[in-house]
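Visitor:
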Amino acid sequence: MQRVDDDVYGKSWNFNDMMSGLSMSSKRSLMVEAIKAGNLQDVQNFVRGGISLNEAAPDLSYQQTFVHLAARCGNIECLRLVLELGGNVSVVDSFSNTPLHIASVHGHIDAVMLMIESGANMSAANKQGLQPIHMAASNGHVNVLQTLILMGEKQMNG
Numbered sequence: 403m404q405r406v407d408d409d410v411y412g413k414s415w416n417f418n419d420m421m422s423g424l425s426m427s428s429k430r431s432l433m434v435e436a437i438k439a440g441n442l443q444d445v446q447n448f449v450r451g452g453i454s455l456n457e458a459a460p461d462l463s464y465q466q467t468f469v470h471l472a473a474r475c476g477n478i479e480c481l482r483l484v485l486e487l488g489g490n491v492s493v494v495d496s497f498s499n500t501p502l503h504i505a506s507v508h509g510h511i512d513a514v515m516l517m518i519e520s521g522a523n524m525s526a527a528n529k530q531g532l533q534p535i536h537m538a539a540s541n542g543h544v545n546v547l548q549t550l551i552l553m554g555e556k557q558m559n560g
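For reference, each letter of the sequence shown is one residue, going 403 to 560 in the numbering used here.
#1: To the nearest whole angstrom, what separates the beta carbons of L455 and L487, a pair I think is in contact under 8 Å?
#2: A505 to A473, Cα distance in whole Å?
#3: I'd like the ranges of any alpha helix (DSSP H) spanning at least 4 consecutive residues and lying wholly in the stretch 478-551.
#4: Between the C-alpha atoms of F497 and L532, what's the straight-line distance to the nearest angstrom?
#5: Which partner residues of A473 appear in the DSSP bridge assignment?
#6: Using DSSP's beta-bridge definition, name the partner residues of Q458.
#7: Is DSSP giving M553 helix, strand or coil here?
#8: Taking C-beta to C-beta, are L485 and V445 nearer than 9 Å?
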């Protein structure tokens with residue numbers, strides 16, 4: 403149970419006590435901010451408090467999940483934690499984009515590598531028939547494109 407110090411009021415607040423009065427919708431919105439800020443402790447606390455990483459997150463387009471958000475933000479430690487806490491690398495948004503598609507389109511090479519190492523399907527196609535490699539190429543992310551090609555060759559050659 404984490405304690406949060408508040409220097410302004412000279413009090414110590416318990417994270418669970420602070421969150422107990424909030425609706426699940428409010429907690430989910432705060433989880434979005436925690437992931438964007440890379441606040442690992444808050445992410446962990448929200449998941450322990452019942453937030454599902456694989457459901458659509460509030461305020462995100464296309465029914466994207468917290469896993470998609472972590473991939474989009476590119477904070478590798480936050481993404482690693484999200485995956486360790488049960489985030490699914492194969493979860494899809496309303497366009498059938500996986501988190502690997504999202505990391506590829508944003509050029510986050512470390513996130514791409516982590517998701518592949520975690521079992522992401524590099525050949526997963528979205529509703530437009532685009533795979534992560536197409537997303538990287540169409541957005542000019544040569545380093546991601548090269549990584550996807552090399553990792554694909556390794557997978558094919560066993």
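Cβ atoms here follow ideal geometry from the backbone N, Cα and C, with glycine treated the same way.
Guide: Based on what the coordinates show:
#1: 6 Å
#2: 5 Å
#3: 478-486, 501-508, 511-519, 534-540
#4: 10 Å
#5: Bridge partners of A473: none, in fact.
#6: Reading off the sequence shown, one finds Ala at residue 458, where the question assumed Gln. Answer by DSSP bridge pairing, in chain order: T467.
#7: helix
#8: no
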